[in-house]
Amino acid sequence: MPSRLVSFINVLRSHDVRISPAETLDAVQVITTLGYEDRNQLRSGLSLVLAKTAEEKVTFNRCFDQFFSYQLPEAARQAAANSEDAQESIPGADPADLEAAEAALNELDGDGGDGGDGGETRLDLEGELAADPDLAGQLDLPIMDMLRNDDRNALALAIARAGDAAGLPDIQMFTQKGQFTRRILDELGEAHIRSAIVDLENRGSDALGELQNYRDRLRELVRDHVEREYLLHAQGRNQQFMDDVLAKARLSHIEHHYQLRVQDLVRRMAKKLAARHSRRRKVTKRGQLNMAKTLRRGIAHEGVLFNLYWKSVKKQRPQILAVCDVSGSVSAYAKFLLMFLYSLYDVLPRVRSFAFSNRLGEVSELFDQHPVEKAVELVNWQYGGATDYGSSLMDFAQLALDDIDSQTTVIILGDARNNNGDPRLDIMQSIYARAKQVIWLNPESRPMWGSGDSEMPRYLSCCHFAAECSSLAHLERIVDRLLRSSS
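Here the sequence shown stands for residues 4 to 490, numbered as in the working numbering.
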């Protein structure tokens with residue numbers, strides 16, 4: 004069972020449930036304490052140590068139901084297989100009713116009764132095995148005994164063990180299902196059954212049909228098991244793989260039907276960054292002693308200075324001014340930068356945003372009045388068009404230049420292609436002199452900076468930091484850097 008528990012934890016991790024090694028040890032202790040008899044009790048116990056948030060609990064319950072719906076404990080399977088009194092598994096059942104139900108099932112399956120084709124075929128196969136010792140030795144397999152006895156618990160256990168031996172929990176792509184199906188069948192000895200079928204076919208035996216039925220049933224059971232394992236293990240891995248592809252793809256190349264997925268990815272990235280940078284720093288007793296406050300608080304204790312108080316300087320929260328080019332060539336990049344910044348409201352509460360193409364305006368109110376996605380659409384509609392960095396910088400100077408101070412970070416997102424207009428470097432130099440830092444994010448690759456009408460090499464002299472920013476992975480790294488410098 005520990006290996007099954009580790010496999011289950013790997014499934015949870017692939018579905019974005021964060022589980023540490025210490026929590027894995029706690030889960031082992033839970034299983035040791037609770038046992039396997041009460042399914043609901045086991046789920047509740049594991050949920051307490053493995054799922055921390057409401058969202059993770061929903062994911063945990065879904066994965067638990069899928070994983071343990073057929074991954075029964077080995078001890079329970081063996082107990083069910085070796086049980087001599089089957090009616091005890093159905094409390095209150097009448098033994099006569101159980102016998103009647105079993106007889107009806109046998110009649111439907113063709114395994115019992117005094118007549119019918121199924122009984123005759125069974126005798127034909129037994130006759131062939133009795134008459135041919137070589138064939139009997141070839142089919143002397145545990146899996147054949149399970150198939151002939153219709154031992155479903157033993158079959159499920161054998162297939163699960165063969166799946167583990169074949170590495171089925173590592174399945175990632177749907178194209179691997181056939182490969183793993185063949186590996187499991189080979190582990191179970193299905194090759195011997197196929198060889199026996201060829202022998203029976205060559206001699207025209209009447210037992211051929213029955214043996215083919217056993218083989219087909221085994222293949223169907225294995226295919227079902229592989230399908231369940233694929234849906235359980237590969238779903239999370241495929242989602243992680245797709246997220247990784249989207250995070251590294253150029254934002255301008257992402258097709259429209261992936262937009263919702265990308266927006267969800269942005270929110271999760273922002274949530275991770277917020278959790279990383281919103282941790283409170285440990286307050287330490289150091290610095291300059293605040294003697295006045297220490298003496299005042301000591302009056303209540305007859306002047307005894309039980310507690311010491313230290314002078315502290317209230318740190319002003321940083322201000323972010325995001326200036327985004329929303330012209331057609333770079334509008335997609337501006338959209339996701341603004342989504343990132345406004346998704347980090349708890350960490351960066353003082354964000355002002357500006358959009359421009361041939362004119363610039365502040366759009367902060369749009370983000371206060373609408374959800375981020377809707378606000379971005381309105382920004383693109385109001386300020387899209389041909390690009391003029393010179394006139395846009397003039398508008399920015401009138402709106403916000405006086406508000407820039409040593410606590411201000413100015414982020415400019417654009418390709419710096421000015422259609423051969425005046426770049427107004429004097430305004431950029433004023434921004435550079437006033438701001439804590441000026442960060443320029445360019446969606447184009449560095450070899451393209453300076454080609455054609457690009458003014459990027461001239462703007463670089465007015466920036467503290469400039470970087471290529473064409474994917475969500477770039478955005479995440481740059482915003483992470485911004486948060487570290489602002490803390």
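Note that beta-carbon positions come from the ideal geometry of N, C-alpha and C, so glycine has one too.
Local Cβ density within 10 Å of residue i, reported as buried at 16 or more and exposed below that
i      : result
Val61  : exposed
Ile93  : Note on Ile93: pLDDT 40, under 50, position unreliable in the model; the coordinate value appears next. Classification for Ile93: exposed.
Phe399 : buried
Asn421 : buried
Glu305 : exposed
Ala403 : buried
Leu214 : buried
Ile12  : buried
Leu28  : exposed
Arg206 : exposed
Glu58  : exposed
Pro450 : exposed
Thr184 : buried
Val375 : buried
Ser23  : exposed
Ser315 : exposed
Glu447 : buried
Val333 : buried
Val33  : buried
Asp88  : Model confidence at Asp88 stands at a pLDDT of 43, short of 50, so the residue's coordinates are unreliable and nothing is read from them.
Val265 : buried
Whole-angstrom C-beta distance between residue j and residue i, which should lie under 8 Å
i      : j      : result
Ala165 : Glu190 : 4 Å
Asn310 : Arg300 : 6 Å
Leu203 : Ala210 : 6 Å
Leu132 : Ala139 : 4 Å
Gln440 : His477 : In fact, because the Cβ distance is near 18 Å, the residues do not count as touching under 8 Å.
Asn361 : Gly331 : In fact, because the Cβ distance is near 12 Å, the residues do not count as touching under 8 Å.
Thr412 : Ile442 : 7 Å
Ile481 : Ala470 : 6 Å
Leu144 : Gly192 : 5 Å
Leu224 : Ile162 : 6 Å
Ala250 : Ser474 : 6 Å
Residue i, DSSP secondary structure in three states
i      : result
Trp384 : helix
Ala469 : strand
Val326 : strand
Ser411 : The identity of residue 411 in the sequence shown is Thr, whereas the question assumes Ser. Three-state result, Thr411: strand.
Arg362 : coil
Ser454 : coil
Gln175 : coil
Phe71  : coil
Arg21  : coil
Phe309 : coil
Gln291 : coil
Leu144 : coil
His477 : helix
Arg300 : helix
Asn421 : coil
Leu347 : coil
Val61  : helix
Leu8   : helix
Ser198 : helix
Arg487 : helix
Val354 : strand
Val441 : strand
Asn85  : Any reading at Asn85 must be qualified, since the residue scores a pLDDT of 45, below 50, and its modelled position is unreliable; the value itself is stated next. In this structure, Asn85 counts as helix in the three-state DSSP scheme.
Nearest candidate by alpha-carbon position, reference residue i, set the options
i      : options                        : result
Tyr392 : Val366, Glu458, Ala378, Leu404 : Glu458
Val52  : Glu40, Val31, Phe71, Glu58     : Val31
Arg226 : Ala199, Leu188, Gly424         : Leu188
Asp154 : Tyr217, Phe177, Ala199, Gly181 : Tyr217
Thr36  : Lys180, Ala199, Ser474, Gly48  : Gly48
Leu363 : Glu376, Met397, Leu347         : Met397
Asp405 : Arg65, Lys377, Arg437          : Arg437
Asn445 : Ile162, Asn156, Ala335         : Ala335
Phe359 : Asn152, Asp219, Ser395, Ser198 : Ser395
Ala54  : Arg21, Ile34, Gln44, Asp41     : Arg21
Phe339 : Lys377, Ala161, Gln372, Gly181 : Lys377
Ala199 : Thr178, Gly181, Leu142, Phe177 : Leu142
Ala169 : Val229, Leu428, Ala157         : Val229
Gln432 : Leu463, Gly453, Ser315         : Leu463
Thr178 : Tyr233, Asp408, Asp425         : Tyr233
Leu171 : Arg231, Val354, Val307         : Arg231
Asp429 : Asn156, Cys465, Gln401         : Cys465
For the region 319 to 339 against the region 412 to 420, do three or more pairs of beta-carbon atoms, one drawn from each stretch, fall closer than 8 Å, so that the two count as touching? yes
Does the contact criterion of 3 or more C-beta pairs under 8 Å hold for the region 376 to 387 versus the region 293 to 312? no
Inter-stretch contact (C-beta, 8 Å, three-pair minimum) for the region 268 to 276 and the region 337 to 348: yes
Determine contact between the region 479 to 487 and the region 447 to 458, defined as no fewer than three beta-carbon pairs at a distance below 8 Å. no
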